[in-house]
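**Q**
Protein chains: 2
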Amino acid sequence: MRPAENGWWQIEHDSIFPGVDYAFFLDDAGPFPDPRSQFQPHGVHGPSRVVDHRSFRWTTERWQPPPLSSAVVYELHVGAFTREGTFLSAIERLDHLKVLGITHVELMPVQEFSGKWGWGYDGVDLYAPHHAYGSPDDLKRFVDAAHTRDLAVLLDVVYNHLGPAGNYLDRFAPYFMKRYSTPWGPAINLDDAGSCEVRRFLCDNAIMWMRDYRFDGLRIDAIHAIHDSSAIHFLAQLSREVDELEAHLGRSLVLIAESDLNDPRVVTPRPAGGLGIDAQWSDDFHHALHSVLTGERSGYFADFGSLAQLAKALTNAYVYDGRFSAYRRAIHGAKPRNLDGWRFLGYLQNHDQIGNRPAGERASQLMSLGRLKIGVALLFCSPFIPMLFQGEEFMASSPFPYFTQHEDPDLARAVSEGRRREFASFEWNPESIPDPQDPMTFRRAKLDWTEPDREPHQSILAFYKRLIDLRRTFPELTDGSFDRVDVRFDERQEWIILRRGRIAVLANLSDAAQKLRVPLRSTPLISSESEFPVPSGEFVMAPDSLLIVQSPVELFAPRDTLTP
Amino acid sequence: MRPAENGWWQIEHDSIFPGVDYAFFLDDAGPFPDPRSQFQPHGVHGPSRVVDHRSFRWTTERWQPPPLSSAVVYELHVGAFTREGTFLSAIERLDHLKVLGITHVELMPVQEFSGKWGWGYDGVDLYAPHHAYGSPDDLKRFVDAAHTRDLAVLLDVVYNHLGPAGNYLDRFAPYFMKRYSTPWGPAINLDDAGSCEVRRFLCDNAIMWMRDYRFDGLRIDAIHAIHDSSAIHFLAQLSREVDELEAHLGRSLVLIAESDLNDPRVVTPRPAGGLGIDAQWSDDFHHALHSVLTGERSGYFADFGSLAQLAKALTNAYVYDGRFSAYRRAIHGAKPRNLDGWRFLGYLQNHDQIGNRPAGERASQLMSLGRLKIGVALLFCSPFIPMLFQGEEFMASSPFPYFTQHEDPDLARAVSEGRRREFASFEWNPESIPDPQDPMTFRRAKLDWTEPDREPHQSILAFYKRLIDLRRTFPELTDGSFDRVDVRFDERQEWIILRRGRIAVLANLSDAAQKLRVPLRSTPLISSESEFPVPSGEFVMAPDSLLIVQSPVELFAPRDTLTP
Chain A
69 MRPAENGWWQ
79 IEHDSIFPGV
89 DYAFFLDDAG
99 PFPDPRSQFQ
109 PHGVHGPSRV
119 VDHRSFRWTT
129 ERWQPPPLSS
139 AVVYELHVGA
149 FTREGTFLSA
159 IERLDHLKVL
169 GITHVELMPV
179 QEFSGKWGWG
189 YDGVDLYAPH
199 HAYGSPDDLK
209 RFVDAAHTRD
219 LAVLLDVVYN
229 HLGPAGNYLD
239 RFAPYFMKRY
249 STPWGPAINL
259 DDAGSCEVRR
269 FLCDNAIMWM
279 RDYRFDGLRI
289 DAIHAIHDSS
299 AIHFLAQLSR
309 EVDELEAHLG
319 RSLVLIAESD
329 LNDPRVVTPR
339 PAGGLGIDAQ
349 WSDDFHHALH
359 SVLTGERSGY
369 FADFGSLAQL
379 AKALTNAYVY
389 DGRFSAYRRA
399 IHGAKPRNLD
409 GWRFLGYLQN
419 HDQIGNRPAG
429 ERASQLMSLG
439 RLKIGVALLF
449 CSPFIPMLFQ
459 GEEFMASSPF
469 PYFTQHEDPD
479 LARAVSEGRR
489 REFASFEWNP
499 ESIPDPQDPM
509 TFRRAKLDWT
519 EPDREPHQSI
529 LAFYKRLIDL
539 RRTFPELTDG
549 SFDRVDVRFD
559 ERQEWIILRR
569 GRIAVLANLS
579 DAAQKLRVPL
589 RSTPLISSES
599 EFPVPSGEFV
609 MAPDSLLIVQ
619 SPVELFAPRD
629 TLTP
Chain B
69 MRPAENGWWQ
79 IEHDSIFPGV
89 DYAFFLDDAG
99 PFPDPRSQFQ
109 PHGVHGPSRV
119 VDHRSFRWTT
129 ERWQPPPLSS
139 AVVYELHVGA
149 FTREGTFLSA
159 IERLDHLKVL
169 GITHVELMPV
179 QEFSGKWGWG
189 YDGVDLYAPH
199 HAYGSPDDLK
209 RFVDAAHTRD
219 LAVLLDVVYN
229 HLGPAGNYLD
239 RFAPYFMKRY
249 STPWGPAINL
259 DDAGSCEVRR
269 FLCDNAIMWM
279 RDYRFDGLRI
289 DAIHAIHDSS
299 AIHFLAQLSR
309 EVDELEAHLG
319 RSLVLIAESD
329 LNDPRVVTPR
339 PAGGLGIDAQ
349 WSDDFHHALH
359 SVLTGERSGY
369 FADFGSLAQL
379 AKALTNAYVY
389 DGRFSAYRRA
399 IHGAKPRNLD
409 GWRFLGYLQN
419 HDQIGNRPAG
429 ERASQLMSLG
439 RLKIGVALLF
449 CSPFIPMLFQ
459 GEEFMASSPF
469 PYFTQHEDPD
479 LARAVSEGRR
489 REFASFEWNP
499 ESIPDPQDPM
509 TFRRAKLDWT
519 EPDREPHQSI
529 LAFYKRLIDL
539 RRTFPELTDG
549 SFDRVDVRFD
559 ERQEWIILRR
569 GRIAVLANLS
579 DAAQKLRVPL
589 RSTPLISSES
599 EFPVPSGEFV
609 MAPDSLLIVQ
619 SPVELFAPRD
629 TLTP
């Protein structure tokens, strides 16, 4: 190969055409896969395959995704979503999602990683769909099948680190830097010597997924671990390039960040000094909701637990907006200003909140059915973009523990032992913590698709569907304005009432029945109980119960009509 | 001592009053000086002394500093400014600065550091004036004496690292963090567990200097090495607290940053998403000017050298505003928008640009007198706040090399050897590089105050004074608007013309005489040559010569009247 500009090397060769496998020798070392490999049919250590993105026959043309502001997102893991764990088998369940009312499907990372299965956050060939899930064309078939059902598809991308196995990038160029570190390894070089082409590597990667695979947007993993002191932050560059791609392709594209910074700048438009990311995950809302519903106070839940914090999350997104966090032992966050509710994704569950528990328990295993329904109702009536984790909608019995299939025995042992050590401080029997390397750990995470047709799953599925329908029926639920979110609560009596436009969500979290006042002439819409109340001034709510009513008028002006 | 809130310990004791020395034992280790020691009369390892800030008798009341937008700053090193090297002896030279036309005196760091002399950037007792310079009251006398002459005083503060000797802070609390690093040691903990009180330590420090010592502002060293991922950046917190202090004290306070980021956010007001720092040093202008005048292209000067870059610096502050830097091998900077010229300090020399050269040579040793005058003229007619380094105004013969007086023999040896190693790659004879630990290195840096009264120094001093007078006389030179800065140049013919309002600066940088067109009916004001031109349409300029003329009209509208 001959050196070209900016550190690139090039060669032209007759034998390189779609379907051919190739690899690189660097001086005397190698062979190594191409850093921009489009497909690794034999895994992270094998050769790369040439892929022609122009040959796929798309069935949808002039596709436009539904707007993000009224989205309902569904996070899924290709390997555990179906028994087969492939892109093609996932297509069979898209109708289920469509009927449920989902608008955006979000795939957990599918970039080639070490082993046949794993969560995907240890990807090393960022341009290649994981070979165990299917071929590049299979992934396109999945996206195309979703689009034919008017479902948008988002992809989770990891731009803060690379996985520990199969990462040959540093042999090619200065992809990493030592000045900063991440919990998972060296930080990616975004501002030091040679960073230009590293930034291009990531931006071109984002562009490829949206242009060649027609993803409608990306979910960017853990941006708090993306270290960049440049005057133009990598994410600002990325959001600008995605804007340009959007204009070029003529269809809407979105960027969603996972951010632990509580920094409103992330989702502030670039002209206003922000990074221009469209929306971010809202852990504060999750933590506030989860801790109220479960009473859990360990780890980061120590910072939460009051109804006041849940109310603040519902009206302000960040609970920690410049306040001292006892868990972090530091001031955390800043006040969001002029940001709409749809700048934040809300969720009762996601892969991390389930999977980072020792046994990967879902919310349904941690609280009463009544409380689960309260959580779901507050989620779908919140100002945020609601997001579900696969199977949540039918109260799937499968857990979602951490699973890996590393082939390197040292790494495999380190992962197994590390997992046990991580939870040693909790009151957990190490034997009851699933071994990530045990194939059964992965197998148990797979959804059982007979459940949606059986009780009690069927009723829960109907409950989720009713709430999604409610969100679609009442525009005040998706108007995005925090100013029009009204929350009342009584910390001691343990009730909370959320009002948005004509809708009021009443929840009794006490273990005793209590009377809550219902708006005059209101119509009961959804209840956690089998018996619906007679619409009147007051209603006795059972312990852990929920009631959603529709008032004939907006519930805002007289701010005290609803207090009990 | 008894534990109090937020990690503090406290004690009340009858024997603690102003003038008493004390130190702390931590468990069985110690004694250690107080992290907030107000004075270290016996150096960095000795006890701390109690100081009463209320007892000093200030002679100035209702003091208001001159506005920053029309400032002329003078950077000085207390130890080398006078033979005695003290706060009190520096007072004797304030009249010289006042007569020259200086408005703001900026002291290089005076916080207690290891040894009797040193540059000051390795301070470890950030609340204590260096004992070799005098007492806290002596420093107040200096500030008071400046104020009586209507001179503002700024202080250089180092908030990115602490020096290697006498730093006991990490024994008291988590002042440092490992996630980030700086070239000079561990980064200060501004966003991790325990960072609240570390941020208070620095903010309270800034407040102390401005409140108790009546400094008019601070110059914050190397903010690019201040690592903070918090949503409220430490510098935004600091600028907000300084705004509050300003309101409380009823006098104007300023913050000036040394920044290598070329990030306009630094000097953008907080409501517009910035950090709210008033102004920043502009290395791009220095490098562009210095490389054009000297022809130097080594190190970071490799990125500069063209008149086009000098013109861009004069009209845009940043030469690298999102462009690729060959020296950094990375994209650098972002475009400044809506920022006035006075947001940037311009300089032909400063302590770093002199002292970071192997032998500490001043600009006057590196270029012809004609070029020096061109540089000075462009500086004072630039849209920036001009800054001089001590002695520059009279072409001091004393160099300003790096000097230290570390007492620890290992550290002393490391500093001496490190300095030789640092310049080993340059074509320098290691023997000719001054040893920082040699007392003569420091002694040679001291200004010779007989020079201003002798030639050739006297004439240069008069030249600087004429330019400062010019800047004060013509308001267009301090109007701050980049839109009204007009620069023409010819890269091959090596001339440059800077026009601002009625003023035109013409410079011939070629080694041949050449004709440059002078505005019609203009009056020659300042020339590098002994003979003044007859005001006419064209003028033959000698090699390395300068001419400043005043036109009877604004020189902007007909944009081509000036081209030769």
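For the protein sequence lines, the chains are A and B, in the order given.
The first sequence begins at 69 in the working numbering and counts up one residue at a time.
The second sequence begins at 69 in the working numbering and counts up one residue at a time.
A virtual CB, placed ideally from N, CA and C, is assigned to each residue, including glycine.
Bear in mind that the values here come from a model prediction, so they are computed numbers and not experimental data.
#1: Can you list, in chain order, the residues of its chain whose CB lies under 8 Å from that of Ala-293 (chain A), leaving out five sequence neighbours each side?
#2: Since Ile-352 (chain A) meets chain B, which of its residues come closer than 9 Å, beta carbon to beta carbon?
#3: To which residues of the same chain is Thr-472 (chain B) closer than 7 Å at the C-beta, ignoring the five residues directly before and after it?
#4: Which chain A residues are close to Gln-406 (chain B), counting only those with a beta carbon under 7 Å from its beta carbon?
#5: Examine chain B for any beta-carbon lying closer than 9 Å to the beta-carbon of Cys-271 (chain A), and answer yes or no.
#6: In chain order, what residues of the same chain have a beta carbon less than 6 Å from the beta carbon of Asp-612 (chain A), not counting five sequence neighbours either side?
#7: Rounded to a whole number of angstroms, what is the C-alpha to C-alpha distance between Leu-303 (chain A) and Leu-343 (chain A)?
#8: Which of the residues in the segment 242-273 of chain B, read from start to end, lie with their CB under 7 Å from any CB of chain D?
#9: Out of B:Gln-561, B:Gln-377, B:Asp-272, point me to the one whose CA is closest to Lys-583 (chain B)'s CA.
#10: So with CB distances below 9 Å, who are the chain A contacts of Asp-331 (chain B)?
#11: With 9 Å as the threshold, decide whether the Cβ of Phe-392 (chain A) is near any Cβ in chain B.
#12: Assuming Pro-467 (chain B) and Ala-431 (chain B) are in contact, meaning their beta carbons sit under 8 Å apart, how far apart are those beta carbons, in whole angstroms?
#13: So Leu-375 (chain B) and Val-360 (chain B) are in contact, right, with Cβ under 8 Å, and what is the actual spacing, rounded?
#14: Cβ of Ala-385 (chain B) within 9 Å of Cβ of Arg-411 (chain B)?
#15: Any beta-carbon of chain B closer than 9 Å to the one on His-164 (chain A)?
#16: Excluding the five sequence neighbours on either side, which residues of its own chain have a C-beta within less than 6 Å of the C-beta of Val-334 (chain A), listed in chain order?
#17: Cβ of Arg-396 (chain A) less than 9 Å from any chain B Cβ?
#18: Determine whether the Cβ of Ile-399 (chain A) lies closer than 9 Å to any Cβ atom of chain B.
#19: Do Ile-442 (chain A) and Leu-413 (chain A) have their C-beta atoms within less than 9 Å of each other?
#20: Using DSSP with H/G/I as helix, E/B as strand and the rest coil, what is His-110 (chain B)?
#21: Using a Cβ cut-off of 8 Å, which residues of the segment 333-350 of chain A contact any Cβ in chain B, in chain order?
#22: Hey, is His-292 (chain B)'s beta-carbon within less than 9 Å of any beta-carbon in chain A?
#23: Can you give me the C-alpha to C-alpha distance between Arg-125 (chain B) and Leu-136 (chain B), rounded to a whole angstrom?
#24: Taking the alpha helix (DSSP H) that Trp-277 (chain B) falls in, what are its first and last residues?
#25: The alpha helix (DSSP H) spanning Lys-208 (chain B) covers which residue range?
#26: Under the rule that 16 or more other beta-carbon atoms within 10 Å means buried, what is Asp-163 (chain A), buried or exposed?
#27: Anything in the segment 497-513 of chain A with a Cβ closer than 7 Å to a Cβ of chain B? List those residues in chain order, please.
#28: Assign Trp-410 (chain A) to one of three DSSP states: helix, strand, or coil.
#29: Under 9 Å between C-beta atoms, does Ala-402 (chain B) make it to chain A?
#30: The beta strand (DSSP E) that contains Thr-591 (chain A), what's its start and end?
#31: Are three or more beta carbon pairs between the segment 139-159 of chain B and the segment 203-212 of chain B nearer than 8 Å?
#32: Are the CB atoms of Ser-619 (chain B) and Ser-578 (chain B) nearer to each other than 9 Å?
#33: In whole angstroms, what is the alpha-carbon distance linking Leu-630 (chain A) and Leu-447 (chain A)?
#34: Determine the burial state of Trp-76 (chain A): buried for a count of at least 16 other Cβ atoms within 10 Å of its Cβ, exposed for fewer.
#35: With burial defined as no fewer than 16 other Cβ atoms inside 10 Å of the residue's Cβ, what is the status of His-81 (chain A): buried or exposed?
**A** If we stick to the structure as given:
#1: For Ala-293 (chain A), where only same-chain residues beyond five positions count, the Cβ hits under 8 Å are Asn-228, His-229, Thr-250, Pro-251, Trp-252, Ala-255.
#2: The amino acid occupying residue 352 (chain A) in the given sequence is Asp; Ile does not appear at that position. Proximity of chain B to Asp-352 (chain A) at the Cβ level (cut-off 9 Å) is not reached, the minimal Cβ distance being about 12 Å.
#3: Gly-183, Gly-186, Val-483, Pro-504, Gln-505
#4: This sequence places Asn at residue 406 (chain B); Gln is not what is there. Result: empty, since nearest Cβ-Cβ is about 12 Å, beyond 7 Å.
#5: no
#6: Ser-436, Gly-438, Arg-439
#7: Leu-303 (chain A) and Leu-343 (chain A): Cα-Cα distance of roughly 6 Å.
#8: Considering every chain present, this structure includes no chain D. Its protein chains are A and B.
#9: B:Gln-561
#10: Ser-297, Ser-298, Ala-299, Ile-300
#11: yes
#12: That belief does not hold up - the Cβ atoms of Pro-467 (chain B) and Ala-431 (chain B) are roughly 11 Å apart, past 8 Å.
#13: Going by Cβ atoms, the distance from Leu-375 (chain B) to Val-360 (chain B) rounds to 6 Å, so yes, they are a contact pair.
#14: yes
#15: no
#16: Ala-325, Ser-327, Leu-343, Ile-345, Gln-348
#17: yes
#18: Chain B contact via Cβ: present.
#19: no
#20: coil
#21: Against chain B - using a Cβ distance shorter than 8 Å - the residues of the segment 333-350 of chain A are Arg-333, Thr-336, Ala-340, Gly-341, Gly-342.
#22: His-292 (chain B) counts as touching chain A.
#23: 27 Å
#24: 263-279
#25: Here the alpha helix (DSSP H) through Lys-208 (chain B) covers 204-216.
#26: exposed
#27: none
#28: Reduced to three states, the DSSP call for Trp-410 (chain A) is helix.
#29: yes
#30: Start and end: 591-595.
#31: Below 8 Å, enough C-beta pairs join the segment 139-159 of chain B and the segment 203-212 of chain B to call them touching: three or more.
#32: no
#33: Confidence in Leu-630 (chain A) is poor, its pLDDT being 44 and thus under 50, which makes the residue's placement too unreliable to answer from.
#34: exposed
#35: exposed
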